[in-house]
Every structure is written in C-alpha cells, then in structure tokens.
Amino acid sequence: DAKTTQPPSMDCAEGRAANLPCNHSTISGNEYVYWYRQIHSQGPQYIIHGLKNNETNEMASLIITEDRKSSTLILPHATLRDTAVYYCIVRGGWDSNYKLTFGKGTLLTVNP
Amino acid sequence: DGGITQSPKYLFRKEGQNVTLSCEQNLNHDAMYWYRQDPGQGLRLIYYSQIVNDFQKGDIAEGYSVSREKKESFPLTVTSAQKNPTAFYLCASSIDGDSFYRNLNQPQHFGDGTRLSIL
Chain A
9 DAKTTQPPSM
19 DCAEGRAANL
29 PCNHSTISGN
39 EYVYWYRQIH
49 SQGPQYIIHG
59 LKNNETNEMA
69 SLIITEDRKS
79 STLILPHATL
89 RDTAVYYCIV
99 RGGWDSNYKL
109 TFGKGTLLTV
119 NP
Chain B
198 DGGITQSPKY
208 LFRKEGQNVT
218 LSCEQNLNHD
228 AMYWYRQDPG
238 QGLRLIYYSQ
248 IVNDFQKGDI
258 AEGYSVSREK
268 KESFPLTVTS
278 AQKNPTAFYL
288 CASSIDGDSF
298 YRNLNQPQHF
308 GDGTRLSIL
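Which chain is which? The protein sequence lines are A and B, in order. Numbering (my numbering) for the first sequence: 9 to 120. Numbering (my numbering) for the second sequence: 198 to 316.
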C-alpha cells in the first residue's frame with residue numbers, strides 16, 4: 009500500500025506557484041520522499057527527491073517538514089504544460105528492496 | 198540520446214495467447230523494473246531485476262514472466278494465465294542495482310509505455 013496521502017486534484021493559475029502537499033506520517037528514518045509526474049499516456053517523469061533537507065532543481069523545489077511527516081512540492085511558475093498527475097512516493101528501504109509504491113496522485117490542472 | 202525504449206506502443210492479444218513486451222535501455226543502468234497501470238490508478242510493480250541473470254517478483258507477478266539475459270534488455274511476457282491483461286505497461290531503470298548506488302538513492306527513469314488490449 010502507498011505510504012502517502014495526497015489530495016485527488018488541485019487547480020493553479022498559469023504563472024503562479026503550484027504547491028502540492030503530501031502527508032507521509034509513517035515514514036521511516038532511512039526512507040526518501042520522491043516526486044514524479046505523469047502526463048496522460050506517457051511514462052512518469054522524475055522531478056525531485058529528498059531525505060530531510062529542502063531540495064531544489066531546475067524543475068521544482070521540495071520542502072520537507074522538520075518531523076518529516078509531510079512535504080510540499082513547489083512549481084514556482086506553473087505553465088499549461090505542467091498539467092499532469094503528480095505522485096508523492098516514499099521509497100522503501102533495504103527491507104523492501106528500495107521499491108517505489110505509487111498511489112493515485114494529485115491531478116494538477118493549470119488554467120490560463 | 199540515452200533513454201528507455203518500449204515497444205510496441207500498442208499491442209493486441211487474442212484470448213489464450215502469450216505476448217512479449219520489449220524494454221531496452223542504453224543508460225548503462227543495472228536495475229530494471231516492470232509496472233502495470235490501470236485506468237485512474239497508480240503503478241503496481243510486476244517484476245524487477247537488480248542485475249543480469251537475476252530477477253525478483255513484485256506485488257503482482259502472477260501471469261507474467263521476465264528474463265534478464267543482457268544488461269540493456271528486460272522483456273516482459275504476458276502469459277495466457279493473466280486473466281485481466283488489459284493495462285498500460287511501464288518499464289523503468291535505475292543505476293542502483295549495486296548496493297552502493299542504492300544507498301545513494303538514485304531515481305528510476307521510465308519509458309513511454311505499451312498499451313495492451315484484448316481482442
């Protein structure tokens with residue numbers, strides 16, 4: 009079972025920041041938080057991942073709370089092409105062979 | 198360009214027939230994975246392989262088989278024993294077949310999928 013909880017859908021205006029929340033209250037100390045997105049009929053695209061520090065790359069920023077029980081993915085300037093399903097995933101540790109378990113994700117719709 | 202190639206993009210299977218989905222990667226990744234996605238659902242792990250000539254069952258392996266004879270190739274066979282094969286199949290790879298790289302937590306990268314339907 010997925011270890012994360014995400015809202016099923018969100019809307020965002022084009023050019024504004026999109027903040028996608030994720031709860032992972034049962035996360036273990038050695039488990040990473042991963043974010044992927046999937047545009048319809050394509051394979052998931054890796055966005056970012058982190059353990060406990062905030063992370064930033066060319067696509068997004070990842071803010072992880074100090075207790076690591078939740079995180080937020082931030083797309084700083086959303087475009088229409090960012091419309092997709094966003095998956096927040098807690099990656100298992102050595103005891104589950106580091107596998108990814110996908111939930112249903114959040115459908116982000118960016119509106120003009 | 199380096200990447201993961203899945204073929205065919207669309208595949209049709211007759212009742213009682215086995216079909217094989219191809220997955221090739223030129224990223225020099227050790228680990229490869231097969232997932233299944235049903236409409237409106239997340240991905241579920243079918244099989245994975247950390248290294249050549251070795252593979253492990255995932256969460257929904259029944260009715261499927263795989264082989265890993267070469268590092269760059271990880272074909273998936275959907276057998277007649279899989280009673281509900283209609284789905285979107287995704288292949289992924291990551292560098293971390295070796296425990297050293299796994300500890301670095303490298304991401305999985307996905308192909309564009311094969312959509313399998315029953316005639």
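We put the beta carbon where it would ideally sit given N, CA and C, even for glycine.
- Closest residue to A/Leu-108 among B/Tyr-245, B/Asp-251, B/Thr-274, B/Thr-217 (Cα-Cα distance): B/Tyr-245
- Message: What are the residues in the stretch 199 to 232 of chain B lying within 7 Å of chain A by C-beta distance?
- Response: Residues: none.
- Nearest candidate by alpha-carbon position, reference A/Thr-17, set A/Ala-25, A/Arg-24, A/Pro-29: Per the sequence shown, the amino acid found at residue 17 of chain A is Ser instead of Thr. Residue A/Pro-29 is the option with its Cα nearest to A/Ser-17.
- Query: Tell me the DSSP bridge mates of A/Asn-31?
  - Reply: A/Thr-13, A/Ser-78
- Task: Taking the CB atoms as reference points, tell me whether A/Thr-80 and A/Val-93 lie closer together than 9 Å.
- Result: In this structure, A/Val-93 does not lie closer than 9 Å to A/Thr-80 by Cβ.
- Can you say whether A/Glu-74 is buried or exposed, counting buried as having 16 or more other CB atoms within 10 angstroms of its CB? The residue in question, A/Glu-74, is exposed, as its Cβ has fewer than 16 Cβ neighbours within 10 Å.
- Item | Where B/Gln-305 meets chain A, residues with beta-carbon distance less than 8 Å | Tyr-54, Leu-108
- B/Met-229 bridges to which residues according to DSSP? Beta-bridge annotation (DSSP): B/Met-229 is paired with B/Ser-246, B/Ser-290.
- Counting along the chain, where does the beta strand (DSSP E) carrying A/Ser-69 start and finish? 69 to 72
- Task: Might you give, ordered along the chain, the residues of its own chain that have their beta carbon closer than 6 Å to the beta carbon of A/Asn-27, omitting 5 neighbours on each side?
- Result: Excluding residues up to 5 positions away in sequence, Thr-80, Ile-82 lie with their Cβ nearer than 6 Å to the Cβ of A/Asn-27 in the same chain.
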